[in-house]
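S.K.: Here you go, one structure.
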RNA sequence: GCCGGGAUGGCGAAAUUGGCAGACGCAGCGGACUUAAAAUCCGCAGGGCUCAAAAGGCCUGUGGGGGUUCGAUUCCCCCUCCCGGCACCA
């Protein structure tokens, strides 16, 4: 602990035998409901309180919390998330920034449909009702949102721009149709979302296995930006390393080589070559088989006239799918079937057998590999099982190349070996071989160096009702035709029976489906799928900057003023999907010329979960803490303050009911101090130019507290220690209360301390802070009050305590003037009784003095 | 398997650049006020040993083991466990 944090010696040594003073009543109870109701009413009446407008004379600050899904009620995770954002917004306001702090609703999605089915309530009604009640909860909690910019994604004023963007994507060739698999419940005869598939079965028919169906669906070409999405992660230095790593893994860049193996014998419709992707082309002379994914197109050629082989392949496919659904794809045993067909290794002309194996997946690389058992663990297991040749072509390089070029234990998978048995490429390093062999393949026309990504294009079609209609038409004559921009929005109809079976719910609404082709004027059929809700959240934060624009999603110039988002705050569960789609959308809008920035979010903060009794809050565990109940019992300030105090914001917070009681007590303590000393602070007896020692001690503590709270806001966001620091200041004030009643603390100074305390508390506990601001006779909103200034000279201690160690062990402490020189400190240290005892009879070999920190005497 | 984050009193945690480990709070204990309780206020408090008791003194302590240093919760090496993400990725 730093010396400046020591309780002041003057206050600590002062004893107060007469306390508590019976003259001072202690029943000025803090009633949060009364205080909060008063300010709630005032804030509700002033809609412009938190309104933001671009202002070129002020530095802007865009602080944003991830918008919630309107499930019906806030949970503690929301409260924590918004308490962090709100504290930051208020702090920035007080520091003179032009703050944008909006809120909205991610209000399309499946739960509304589920609720519609179980409660017989239309999704729209259910959703809007939830929004109303959650908005009321947010207001009760006192969050400072600019509601004039509220965005509700399920309303046409918003989703029409989803449709507009979709047309732009289509124009740019970034939206396209392709066959893709969907979950299909045979009993419902309808498509299921992934969330509706439980243990491989339908959520409503627990005994019915969900099947797969091929459907034509819309895709967005996110892969156009694979490289940029990866590269720009390096620019996001204010993002958590964890999130950047997760995105890097998700994008999954991998450098390798494509090599064509010619098929030996007759070619079918699947073609005459097998292209494999490998990161280890240096091992190609060790390839002893080709392995295809069961769904590889060539496999169909091989099985067309070979029923038994076809049946075996079907089994492999079924296995893969089951394993994937169980989420344990690595656990299935490697096996496969020999097709008794052969391919020719273009490097050495060798004929090697083609197998179909269950460990090859179609959606990575090319769905075909060259199998090199000597240098790949999986290939090794497979070759062992089926007695396929294992041929060593890489040797390890040891410290002494001559002596250590011995056969390694197999499989030898290191990347830093040297080639052998590799024709003209023998005797060079793996890295060198990869370069030379890729170049050779390219020169000869049977391969090339390439880069593959794990990131795939984004399938956005949902066969669901409650989402943005995809603005496309199918005309018998003109084929796929986009809806004209002037015909937007394509309105999502109400009163759709979503319990009907077979395909998308909108398909059962003739007045929706039947339309006119804008090209030929003939009849056309509307697309009945809706968009993934991640489309809604990919660009919503741009809409906040210009929320009522009815000619464009937003005005680029206005967005330019506010962007990038200075601080984005949300749960880590959105680290991948939402945050990649948002980054993609920003790059897409930039290339459309709508905005200038490459990245939407400058700083990202992912807060921890709120847990209780060691587990995530959930109804089934019965450990849910309701924000409403906490607000009713202790007030909004206490609920907010506790969620900031109990743990640093990036860590999980273990909710303890007794903890919030402690916060409630603290707020009461602050309140009582103000009420009790209101008369003193407002009296005008003083004008003393120098403060009494007691007042000086308070002043020091006050400035030390300003520094600690400000530093933690700017730097680490450890609000828990901000609040601890404020508590310490309050404790010091309580310790000084006797001195205050004795008139040793000038009234003007006491008033200054009180104002400072209110300002420090304002970002965390706005209700109480506003009440006390008024109690101390101040006017106006605290958002317009200036954050207190730290004065280093006033914070400085006059005397400090220096610990004295002997051989690194604490033996004594000496009190010296803060600016004492080394000679003086050492002299005092050596004069200390305990230190003298510890060094008696020994020889001092070294004296270490760290100014202001400590003394260490090394003795022998 | 790979990547990221953790492990500190009975509990949540603090120690910001290598410098007094446990600030602040909860729970606990003692006291004041009270007929009593609640509320409030003051104080004690890592563990162990010593001492009749208190004061004091001594030893020990940040998941485990090693290292660097006058000095390590902090830096380096090895290991264990917990949480999160990705994964037959070729």
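Residue numbers (this note's numbering): -2 to 857.
In this text, a Cβ means the ideal position worked out from N, Cα and C, and glycines have one as well.
(1) With a Cβ-Cβ cutoff of 9 Å, do residue 309 and residue 366 count as a contact?
(2) When you compare each of 373, 378, 316 and 382 to residue 390 by their alpha carbons, which one comes out closest?
(3) When you compare the CB positions of residue 100 and residue 142, do they come within less than 9 Å of one another, or not?
(4) Go ahead and label residue 176 buried or exposed: buried means 16 or more other beta carbons lie within 10 angstroms of its beta carbon, across all protein chains shown.
(5) Report the rounded CA-to-CA distance for residue 24 versus residue 828, giving the unit in angstroms.
(6) Just checking my contact of residue 826 with residue 801 at CB under 8 Å: how many whole Å lie between their CB atoms?
(7) Since residue 455 sits in a beta bridge, which residues does DSSP pair it with?
(8) Do residue 217 and residue 455 have their beta-carbon atoms positioned less than 9 Å apart in this structure?
(9) So, at 8 Å on beta carbons, what are the nonlocal neighbours of residue 510 in its own chain, with the 5 sequence-adjacent residues on each side left out?
(10) Exposed or buried, residue 481, counting other C-beta atoms within 10 Å across all chains shown (16 or more means buried)?
(11) Kindly identify the DSSP beta-bridge partner or partners of residue 802.
(12) Verify whether the separation of the beta carbon atoms of residue 286 and residue 349 is less than 9 Å.
(13) Helix, strand or coil for residue 426 per DSSP?
(14) Once you ignore the five residues that flank residue 130 on each side, which residues in its own chain have a CB closer than 8 Å to its CB?
(15) So residue 794 packs on residue 697, CB below 8 Å; how close in whole Å?
(16) Between the Cα of residue 824 and the Cα atoms of 555, 854, 470 and 428, which residue gives the shortest distance?
(17) Using 10 angstroms around the beta-carbon of residue 541, count the other beta-carbons present and answer buried if the total reaches 16, otherwise exposed.
(18) By the 10 Å Cβ neighbour count, where 16 or more other Cβ atoms means buried, how is residue 116 classified, buried or exposed?
(19) Quick check on the DSSP output: what are the complete beta strand (DSSP E) runs of length 3 or more inside the segment 502 to 536, in order along the chain?
(20) On the CB-based measure, 16 or more other CB atoms within 10 Å of its CB, does residue 586 come out buried or exposed?
(21) With residue 35 and residue 95 assumed to form a contact (beta carbons below 8 Å), what rounded beta-carbon distance in angstroms separates them?
(22) Going by DSSP in three states, residue 618 sits in which element: helix, strand or coil?
(23) Which runs of the alpha helix (DSSP H), 4 residues or longer, sit entirely within the segment 695 to 775?
(24) Among 333, 421 and 635, which residue has its Cα nearest to the Cα of residue 375?
(25) Taking C-alpha atoms, which residue in 445, 707, 146 and 728 lies nearest to residue 44?
(26) May I have the straight-line CA-CA distance separating residue 858 from residue 246, to the nearest angstrom?
(27) Between 539, 808 and 642, which lies nearest to residue 715 when the distance is taken from Cα to Cα?
(28) Alpha carbons only, please: which of 228, 797 and 235 is nearest the one belonging to residue 249?
(29) Measuring alpha carbon to alpha carbon, tell me which residue in 38, 63, 26 and 446 is nearest residue 602.
(30) Which residue comes first and which comes last in the beta strand (DSSP E) that contains residue 288?
(31) Quick one: is residue 311 buried, meaning 16 or more other Cβ sit within 10 Å of its Cβ, or exposed?
(32) Leaving aside the five residues before and after residue 331 along the sequence, list all residues of the same chain whose C-beta is less than 6 Å from its C-beta, in chain order.
(33) Taking buried to mean at least 16 other C-beta atoms within 10 Å of its own C-beta, is residue 33 buried or exposed?
(34) Tell me which residues share the same chain as residue 84 and place their Cβ nearer than 6 Å to its Cβ, disregarding the 5 neighbours each side in the sequence.
(35) Where does residue 842 sit, in a helix, a strand or coil, going by DSSP?
(36) Alpha carbon to alpha carbon, how far is residue 583 from residue 174? Give it in angstroms, no decimals.
M.R.: Let me lay it out:
(1) In the first chain, counting from the first residue as 1, residue 309 sits at position 312. In the first chain, counting from the first residue as 1, residue 366 sits at position 369. The answer is no: Cβ separation not under 9 Å.
(2) Reading the first chain from its first residue, position 393 is the one you call residue 390. Residue 390 has its Cα closest to that of 373, out of 373, 378, 316 and 382.
(3) Residue mapping note: residue 100 aligns to position 103 of the first chain, counting from 1. Residue mapping note: residue 142 aligns to position 145 of the first chain, counting from 1. It is a contact, given that the beta carbons lie within the stated cut-off.
(4) Stepping through the first chain from its first residue, residue 176 is reached at position 179. Looking at its Cβ environment, which holds fewer than 16 other Cβ atoms inside 10 Å, residue 176 is exposed.
(5) The residue you call residue 24 lines up with position 27 of the first chain. The residue you call residue 828 lines up with position 831 of the first chain. Low confidence applies to residue 24: its pLDDT is 48, below 50, so where it sits in the model is not reliable, and the reading given next is rough at best. Answer to the nearest angstrom: the Cα atoms are 51 Å apart.
(6) Counted from its first residue, the first chain places residue 826 at position 829. Counted from its first residue, the first chain places residue 801 at position 804. Going by Cβ atoms, the distance from residue 826 to residue 801 rounds to 4 Å, so yes, they are a contact pair.
(7) Start at 1 with the first residue of the first chain, and residue 455 comes out as number 458. 217, per the DSSP bridge assignment.
(8) Locating residue 455 in the first chain gives position 458, counting from the first residue. Locating residue 217 in the first chain gives position 220, counting from the first residue. For residue 455 and residue 217, yes; Cβs fall inside 9 Å.
(9) Here residue 510 refers to the residue found at position 513 of the first chain. By the criterion of a C-beta distance shorter than 8 Å, residue 510 is surrounded in its chain by 503, 504, 522, 523 and 525, once the five residues flanking it on both sides are discounted.
(10) One-based indexing of the first chain puts residue 481 at position 484. Around the Cβ of residue 481, a 10 Å sphere holds fewer than 16 other Cβ atoms; the residue is exposed.
(11) The residue labelled residue 802 in the question sits at position 805 within the first chain. Looking at the DSSP assignment, residue 802 forms a beta bridge with 807 and 853.
(12) Sequence index remark: in the first chain, residue 286 carries index 289 (1-based). Sequence index remark: in the first chain, residue 349 carries index 352 (1-based). Taking a C-beta distance under 9 Å as the contact criterion, residue 286 and residue 349 qualify as a contact pair.
(13) Taking the first chain and counting its residues from 1, one reaches residue 426 at position 429. Residue state, collapsed to three classes: strand.
(14) Numbered from 1 along the first chain, position 133 holds the residue referred to as residue 130. 69 and 70.
(15) As a first step, residue 794 is located in the first chain; it is residue number 797 there, counting from the start. As a first step, residue 697 is located in the first chain; it is residue number 700 there, counting from the start. At roughly 6 Å, the Cβ-Cβ gap stays under 8 Å, so residue 794 and residue 697 are in contact.
(16) Within the first chain, numbered from 1, the residue matching residue 824 stands at position 827. For the residues 555, 854, 470 and 428, the minimum Cα distance to residue 824 belongs to 854.
(17) Position 544 of the first chain, counting from 1, holds the residue named residue 541. When all chains shown are included, residue 541 counts as buried.
(18) Position 119 of the first chain, counting from 1, holds the residue named residue 116. Counting Cβ neighbours within 10 Å, residue 116 comes out exposed, since fewer than 16 surround it.
(19) 511 to 513 and 520 to 523
(20) By one-based count along the first chain, residue 586 stands at place 589. Buried, by the Cβ-count rule.
(21) By 1-based counting over the first chain, the position of residue 35 is 38. By 1-based counting over the first chain, the position of residue 95 is 98. Incorrect: roughly 28 Å between the Cβ atoms, too far for contact.
(22) Within the first chain, numbered from 1, the residue matching residue 618 stands at position 621. Reduced to three states, the DSSP call for residue 618 is coil.
(23) The DSSP assignment places 716 to 732, 734 to 738, 744 to 758 and 763 to 772 as complete runs of the alpha helix (DSSP H) inside the segment 695 to 775, in order along the chain (cut-off: 4 residues).
(24) Along the first chain, read from residue 1 onward, the residue named residue 375 stands at position 378. The shortest Cα separation from residue 375 among 333, 421 and 635 belongs to 333.
(25) For the purposes of this step, residue 44 is taken as the residue at position 47 of the first chain. Checked all of 445, 707, 146 and 728; the closest Cα to residue 44 is 146.
(26) With the chain represented from -2 up to 857, any question about residue 858 goes unanswered, as that position is not in the structure.
(27) Locating residue 715 in the first chain gives position 718, counting from the first residue. Answer by Cα proximity: 642.
(28) For this step, residue 249 is matched to residue 252 along the first chain. Residue 228 is the option with its Cα nearest to residue 249.
(29) Residue mapping note: residue 602 aligns to position 605 of the first chain, counting from 1. It is 63 whose Cα lies nearest to the Cα of residue 602.
(30) On the first chain, residue 288 is found 291 positions in, with the first residue counted as 1. Counting along the chain, the beta strand (DSSP E) containing residue 288 begins and ends at 286 to 289.
(31) Sequence index remark: in the first chain, residue 311 carries index 314 (1-based). Exposed, because fewer than 16 other Cβ atoms sit within 10 Å of the Cβ of residue 311.
(32) One-based indexing of the first chain puts residue 331 at position 334. Taken in chain order, the residues that qualify are 356, 378 and 379.
(33) If you number the first chain from 1, residue 33 lands on position 36. Buried.
(34) The residue given as residue 84 occupies position 87 in the first chain. If you ignore the 5 residues before and after residue 84, its C-beta comes within less than 6 Å of the C-beta of 760 and 761, all in its own chain and listed in chain order.
(35) Sequence index remark: in the first chain, residue 842 carries index 845 (1-based). Residue state, collapsed to three classes: strand.
(36) For the purposes of this step, residue 174 is taken as the residue at position 177 of the first chain. For the purposes of this step, residue 583 is taken as the residue at position 586 of the first chain. Their Cα atoms are separated by approximately 22 Å.
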